[in-house]
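Novice:
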Amino acid sequence: MIRFSLRLAVSGGREALARLLMIAAAVAIGVGLLLSTLASMNAIDRANQRQVWLDSGARSRTESAQVDPLWWRPHNDYYDGSEIREIDVAATGPTSPVPPGLDRVPAPGEYYASPALAALLRTVPAVELGDRFPGRMAGTLNDSAMPSPDTLAVVVGRTVGEVEAAPRAVAVTTIATTRPECGNGDCLSRGIRGDAMTLILSVVGGAMIFPVLIFIGTATRLSAATREQRFAAMRLVGATPRQISVIAAVESTVAAVAGTAAGFGLYLALRPLVADVPFTGGRFHLDDLSLTGLQVLGTVLAVPLASAVAARFALRRVTVSPLGVSRRVTPRPPRAWRLVPLLAGLAELLYFLGRRPATGNGQAAAYLPGFLLVMLGLVIAGPWLTMVAARAVARRTSRPATLIAVRRLADDPKAGFRAVSGLILALFVTTSTVCVIGTINANRGSLDGDQSSRASVVQGDYRDGRQLTDAVPEQVLAQARAVPGLRGLAVLHTNPAGLGKIPVSPRPDAPLLTPGLVSCADLAEVPVVGHCAAGASVAAVPSREFLNLTSHPDAEWPAVPVSAEEVAKLPVQLLYATTDGSTAAKEQVRTVFTAAWPDHDAHTVGDWATEGQQRLAGWRQLANVVLLTTLPIAGCSLAVSVVAGLSDRRRPFAMLRLTGSPLRLLQRVIALESVLPLLSVAVISIGAALAASALFLSSQMDYHLVSPGAVYFGFVALGVVASVGIIASTLPLLKRITGPEAARNG
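Per numbering that gives the first Met the number 0, the sequence shown runs over residues 0 to 745.
1. Can you give me the start and stop residues for the alpha helix (DSSP H) that SER455 sits inside?
2. Which partner residues of HIS74 appear in the DSSP bridge assignment?
3. For ARG667, which residues from the same chain have a beta carbon less than 6 angstroms from its beta carbon, with the 5 sequence-adjacent residues on both sides left out?
4. Going by other Cβ atoms of all chains shown within 10 Å of its Cβ, with 16 needed for buried, is PHE370 buried or exposed?
5. In whole angstroms, give me the CA-to-CA distance for LEU694 and SER679.
6. Going by DSSP, what residues sit across from MET531 in a beta bridge?
7. Have a look at the DSSP bridge pairing and note the partners of PRO502.
8. Would you call ASP102 buried or exposed, if buried means 16 or more other Cβ atoms sit within 10 Å of its Cβ?
9. Is it true that the CB of ILE736 sits closer than 7 angstroms to the CB of ARG650?
10. Which residue wins for smallest C-alpha separation from ALA23, given the options ARG135, LYS413, LEU265 and GLY529?
11. Tell me, please, whether the segment 723-731 touches the segment 369-388 by the rule of three or more beta-carbon pairs shorter than 8 angstroms.
12. Round the Cβ separation of LEU408 and GLU82 to the nearest angstrom and send it over; I've been treating them as touching at under 8 angstroms.
13. Using 8 angstroms for Cβ pairs, my map puts LEU467 next to LEU573. What's the rounded Cβ distance?
14. Measuring only the C-alpha atoms, how far is GLU564 from MET40?
15. Out of curiosity, what's the CA-to-CA distance linking ASP67 and GLU163?
16. At the level of alpha carbons, what is the spacing between TYR711 and GLU473?
17. Can you name, in chain order, every residue of its own chain whose Cβ lies under 8 angstroms from the Cβ of THR578, other than the five neighbours on each side?
18. How big is the Cα-Cα spacing for VAL373 and PRO332?
19. Excluding the 5 residues preceding and the 5 following PHE545 in the sequence, name in chain order all residues of the same chain whose CB lies nearer than 7 angstroms to its CB.
20. Within a Cβ cutoff of 6 angstroms, which residues of the same chain sit near SER581, ignoring the five residues on either side of it in sequence?
21. Which residues in the same chain as ASP275 place their Cβ atom closer than 7 angstroms to its Cβ, once the five residues preceding and following it in sequence are excluded?
22. If you follow the beta strand (DSSP E) that GLY487 is part of, which residue opens it and which one closes it?
23. Could you tell me how far apart the beta carbons of PHE132 and TYR110 are, in whole angstroms, since I believe they sit closer than 8 angstroms?
24. Drop a sphere of 10 angstroms on the beta-carbon of ARG480, count the other beta-carbons inside from all chains shown, and report buried for 16 or more, exposed for fewer.
25. For the beta strand (DSSP E) holding LEU119, just list the boundary residues, first then last.
26. Who are the Cβ neighbours of ALA633 in its own chain at under 6 angstroms, not counting the five residues just before and after it?
27. Quick check on DSSP: helix, strand or coil for MET136?
28. Does the beta-carbon distance from LEU288 to ALA38 come in below 7 angstroms?
29. If contact is defined by three or more beta carbon pairs under 8 angstroms, each pair taking one atom from either stretch, is the segment 68-82 in contact with the segment 155-172?
30. Which same chain residues, not among the five before or five after GLU127, have their C-beta less than 7 angstroms away from its C-beta?
31. Based on DSSP bridge pairs, tell me the residues matched to GLU109.
32. Taking LEU151 and ARG84 to be in contact with their CB atoms under 8 angstroms, please state how far apart those CB atoms are, rounded to whole angstroms.
33. Beta-carbon within less than 8 angstroms of GLY134's beta-carbon, same chain only, minus the 5 sequence neighbours each way: which residues are those?
34. Could you give the distance in angstroms between the alpha-carbon of PRO148 and the alpha-carbon of GLY80?
35. Return the CA-CA distance between SER325 and ALA232, expressed in angstroms with no decimal places.
36. Taking the beta strand (DSSP E) that VAL571 falls in, what are its first and last residues?
So, in structure tokens, the structure goes:
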């Protein structure tokens, strides 16, 4: 029976072969996207595992007493907005543990750099970067220690005394292999937000797979009417329901197996492209984009099995009654209960307002089912919404083409909605993506700051009252002032007497903040921070104002009754330099500060935004992937569905042409049958996307939804026009398939 089924599957000529190829192509796209999503999730886990060693000094770890301790000090540096992860180490004996990626602990005066940092050191002047690291580069860290090929990291060898005296230095006897509990800033790696990115990838994967499933289902319905009539005829000549099921299952399984194999090939072709997309702020190692054996086995078995089950389900009418194919009746109209899954998905998201789970896995379990249920609800509710819209139009029109179209939609809304279901889901995914990413950008995009503030460099602790040094050496001031492009340099001193306290906020009961003290001569050199009152010699300025991402030269800071000479004798909290904004000027000043105080980190003001901006960039990349993937797939689904509908109804259309109906009338009928469900359900889809996005943003991030804006609505209008164009491109087929021979032989 299986051999006969195989022969029957490919013996239908070009039409049968085209159908099998279309189903295989749809399955291949779905499998390729599914495997790429799974591999991306695996890559996040592997990338996080590669950088666990950076947290070897975390307080929550337990140490072994069997080896010589290794003094360990993790901290961060930056270059031109890119983070550099630096570990200062000092071995206390021959058995001190060795960081991964190295064959020995670097000796004092040498360091090992990641490949990306080593390449950067070779291309930029030493005064901008290389002079921050003492001694010489002894080698490079290998990939086993790097979460990304773009990671900038360095392990610097120092003396025991140098590291032991530095802040946050600890003695470790084991290198971390599992991520510890991090608190109080004692973890350097912080991961790459694997939980958050896995949550987003899960939602994205679910969002992309729905249009793909619609495409697969549409492809399997090509020539459905012809196939059902053929199977019904086989029933009439004695074939059993089981035999028909086997024939249908084999036909679908053949295409699914071929599509699954092609999907693995598509995944392998996409791997280099996916690896180069900085979803997490950096590229993936190509080797990390791999699949587990269970994932491979599950895909190989599940996809053909699902296709066979779908084929069996699609032929339920033939199985029940072989005469049911030729003696068709109007299907039972859909009921209003179809709205329940859609409302249930929104209710599930609503439930988690104020109840956000604490863990990433818990958040994925909370929000992913809600989004998937909303998307499933749109598919289930679509036929009912189509029927309601068609009946409403039917009561208000008398034009022949419109009446024919809406009457058919009202009689069989499932078939009418099926053609546009992929686009409806793509519209939901697009709207949700634009809303979520747009709202995040609106709330976090201010981290970019203005150019005048981002041209500044800060050395010292930004927390009020923390001391950098007793006094700034004149040599350091001279080196900084000699940097080409330096505009000004100010020294903020600690305020032990608590002079000039400033309210934290305008509220009457707001607590008072102890500011730092800066001479008015220095403040005049850095006008982006503000200015002194007329006649003052010393002003009280909170240290946070030197880190503000927005300049405020009009701010006037209160004077304090202290002379500039007295302030100059106070300990220094931080140094603040302004430059012309060039990378060379900022990085040279940073290098001067870092070389003078290696135990303290120097920052440009823009560095405070680096991590958030990298994350936003990764989410924007994901949004682009979603848009560029779902929309073409939905367009293909629409084209295939319209063609399938034309093919299945060529005899009725041929009869209408024989009775005098003009071809243009029939073309308007086809167009209206697709456009009406698209427009009517699209409104509901956009509304559901706005509601789901608003609930997710409010619950997960405590943000209020920001309107997508004119660009989004223009994009939607362009999508509708493109959809109409796709429908119009299929209409010339109507003339070829509705000739007199179709009426005679259909």
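Ideal Cβ placement from N, Cα and C applies to all residues, glycine included.
Specialist: Concretely, from the data shown:
1. Unbroken run through SER455 is the beta strand (DSSP E), 455-459; no alpha helix (DSSP H).
2. GLU85
3. ALA400.
4. In summary, PHE370 is buried, with 16 or more beta-carbon neighbours lying within 10 Å of its beta-carbon over all protein chains present.
5. 24 angstroms
6. Reading the sequence as shown, one finds Cys at residue 531 and not Met. In DSSP, CYS531 forms a bridge with TRP556.
7. LEU511
8. Exposed is the call here.
9. no
10. Of the listed residues, the one whose Cα sits closest to ALA23 is LEU265.
11. no
12. 56 angstroms between Cβ atoms; not a contact.
13. 6 angstroms
14. 59 angstroms
15. Taking C-alpha positions only, ASP67 is separated from GLU163 by approximately 15 angstroms.
16. 56 angstroms
17. ALA454, SER455, VAL456, VAL482, GLY484, LEU485, ARG486, ALA584, LYS585 and VAL588
18. 22 angstroms
19. VAL457, LEU491, VAL528, LEU573 and TYR575
20. GLY484
21. ARG282
22. 485-492
23. The pair is a contact, with the Cβ atoms about 5 angstroms apart (cut-off 8 angstroms).
24. exposed
25. LEU119 -> not in any beta strand (DSSP E); alpha helix (DSSP H) instead, spanning 114-122.
26. PRO210, GLY421, LEU422 and ALA425
27. Note: MET136 maps to strand in three-state DSSP.
28. yes
29. Taking 8 angstroms as the limit for Cβ pairs, the verdict is that the segment 68-82 does touch the segment 155-172.
30. ALA583, GLU586, GLN587 and THR590
31. ARG135
32. 7 angstroms
33. PRO107, GLY108, GLU109, TYR110 and GLY156
34. 17 angstroms
35. A caution first: SER325 carries a pLDDT of 47, below 50, which makes its placement in the model too unreliable to give a value.
36. Where VAL571 is concerned, the enclosing beta strand (DSSP E) starts and stops at 571-578.
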